[in-house]
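Input: a single structure, listed below in structure tokens.
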Ligand SMILES: [Zn+2]
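And the structure:
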């Protein structure tokens, strides 16, 4: 179905009306079990802290990390407007929500300001989308009731009925088969700990199969933050918990108390929504193309994932607008992708459409850069010999990246990328990913010479993933590296970058 931009806009505006803010439950007024963590620094106080890369050649001097941070703040504002006017619990630039439309219009306006060409918003129908309307979790122990403020439903979790449920809480450690041995969890709320670095134990599904009536997963990340987890196929209400809340609940049990949890989770599955890709282009001297894409969606402020990528894409467009047309060998095409944090097959209708249309889109494409999480603060968890195990400790640098530059059958592109990373101080994992890392390039990398640098850092998908966690130095250096890679690729002919027919996916 083709819908005009006006229809698309009207549809989303209507939807924002019938996704009202309905949560004011008594649990919200309860004393929190443990306080929520806050972002430990203010943006202004951070700007002089980060290591700057000495730019001896003055290449790409107009690419400006602090300006890109203002684009991140503008996208945060879209998320926060949605939080303050539509849903204060499940918020962000959520696919299909009014904030999705606002993000699309915002990006379209950025393209217009830069006088890009062929600007359009391409709408897509969505399958019914999971929208939690409100929830509350509280714990009753020794006659007192506290709000478990960090409890946050896994994406696509099932809900409760309107009365909610009241359950005894039981702790099963890491949720391995050994942890469950001899325990009867049927009809109870199950608390499971989880830790980065451990193998995936299938603990949540195990709890579900053994008859748990609700599942809580404390992430063992220092602090107490809300976190939006990817879907898990349990059939009962399933939540993540901040670490401090998880420990507090466990301590009730250790004290011999029998804590009861009160759980309410109201889920709507909303039909008739749409999302969109936002297109703009900058003509070059030939009809050969270079694409830059970035996904627009994200949970909470989603500063790193992926307002930062969108900001980097806009900055690249701005840089190339300033280059005389006769010096631009290939046409640049910019795509603000819908994203992939949504319900439905394939997670991400835009990238599935790109994959389905790869022959016409990428026939003359020399490069596709996926700007995804291009700068994230380097943090340290539980540093040895420091008594600060309750904190995530910040460094003055940005993280090393996963990277992919066309795979092993494109040694020229790999070398161009490595040279650019080295020129601008981008630290990477020693080995490139054999395939594109998780994210939007993963659906199209087999059809096009693709490039990405990306990271999944400690604040990823959490409520603390604000602009402060996106160092301007990393934004600036990564974006300069992207520009260098575009310019070096433009010195190569298409046949150098095209894959031989029959090339395998891992090459
Ligand atoms: Zn992302």
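Numbering (the working numbering), first residue to last: 2 to 508.
Glycine included, each C-beta is placed from N, C-alpha and C at the ideal position.
For residue i, tell me which candidate among the options has the shortest Cα-Cα distance.
i           : options               : result
residue 298 : 288, 311 and 291      : 311
residue 421 : 488, 470, 392 and 362 : 488
residue 206 : 198, 283 and 217      : 217
residue 556 : 51, 338, 343 and 373  : In this structure the chain extends from 2 to 508, so residue 556 is not present and cannot be described.
residue 96  : 341, 450 and 263      : 341
residue 237 : 248, 260, 229 and 266 : 266
residue 158 : 209, 118 and 175      : 209
residue 136 : 153, 126, 124 and 120 : 153
residue 30  : 146, 221, 376 and 383 : 146
residue 170 : 402, 214 and 148      : 214
residue 192 : 201, 138, 243 and 251 : 251
residue 380 : 460, 490 and 346      : 460
residue 168 : 142, 175, 176 and 183 : 142
residue 70  : 500, 416 and 475      : 475
So if DSSP puts residue i in a beta bridge, which residue, or which two residues, is it bridged to?
i           : result
residue 276 : 125
residue 93  : 300
residue 170 : 190
residue 399 : 378
Check whether chain C comes within 8 angstroms of residue i, counting only Cβ atoms and requiring the distance to be less than that.
i          : result
residue 89 : You won't find chain C in this structure, because it holds only one protein chain.
Using 10 angstroms around the beta-carbon of residue i, count the other beta-carbons present and answer buried if the total reaches 16, otherwise exposed.
i           : result
residue 163 : exposed
residue 194 : buried
residue 365 : exposed
residue 225 : buried
residue 275 : buried
residue 28  : With a pLDDT of 48 at residue 28, under the threshold of 50, the predicted position of this residue should be treated as unreliable, and no value is reported.
residue 212 : exposed
residue 72  : buried
residue 227 : buried
residue 178 : exposed
residue 494 : exposed
residue 492 : exposed
residue 18  : Any reading at residue 18 must be qualified, since the residue scores a pLDDT of 38, below 50, and its modelled position is unreliable; no value is offered.
residue 496 : exposed
Along the chain, where does the alpha helix (DSSP H) that runs through residue i open and close?
i           : result
residue 293 : Run containing residue 293: none in the alpha helix (DSSP H); it sits in the beta strand (DSSP E), 290-296.
residue 458 : Segment: none, residue 458 is in no alpha helix (DSSP H) and carries neither H nor E.
residue 310 : 309-322
residue 206 : 204-210
residue 416 : 412-424
residue 87  : It is not in any alpha helix (DSSP H) - residue 87 carries neither H nor E in the DSSP assignment.
residue 112 : 99-114
residue 440 : That residue, residue 440, is in no alpha helix (DSSP H); it is neither H nor E in DSSP.
residue 355 : 350-357
residue 151 : Where residue 151 is concerned, there is no enclosing alpha helix (DSSP H), given that its DSSP letter is neither H nor E.
Would you kindly report the start and end of the unbroken beta strand (DSSP E) that includes residue i?
i           : result
residue 262 : 261-271
residue 139 : 130-142
residue 1   : Missing from the structure shown is residue 1; the chain here goes from 2 to 508 and no further.
residue 332 : 332-338
Contact between the stretch 477-493 and the stretch 313-321: three or more CB pairs below 8 angstroms?
-> They touch, by the three-pair rule.
Would you be able to state if there are at least three C-beta pairs under 8 angstroms between the stretch 428-447 and the stretch 401-408?
-> The stretch 401-408 makes contact with the stretch 428-447: 3 or more CB pairs, one atom from each, lie closer than 8 angstroms.
With a cut-off of 8 angstroms, do at least 3 Cβ pairs link the stretch 408-419 to the stretch 318-336?
-> Verdict: no, contact absent.
If you pair each beta-carbon of the stretch 60-79 with each one of the stretch 94-109, do three or more pairs fall below 8 angstroms?
-> Taking a contact to require three or more Cβ pairs closer than 8 angstroms, the stretch 60-79 and the stretch 94-109 qualify as touching.
Is it true that the stretch 52-67 meets the stretch 272-287, where meeting means three or more beta-carbon pairs spaced less than 8 angstroms apart?
-> Contact between the stretch 52-67 and the stretch 272-287 is absent, because fewer than three Cβ pairs lie under 8 angstroms.
Is the stretch 239-258 touching the stretch 118-125, taking contact as three or more C-beta pairs under 8 angstroms?
-> No, the stretch 239-258 is not in contact with the stretch 118-125.
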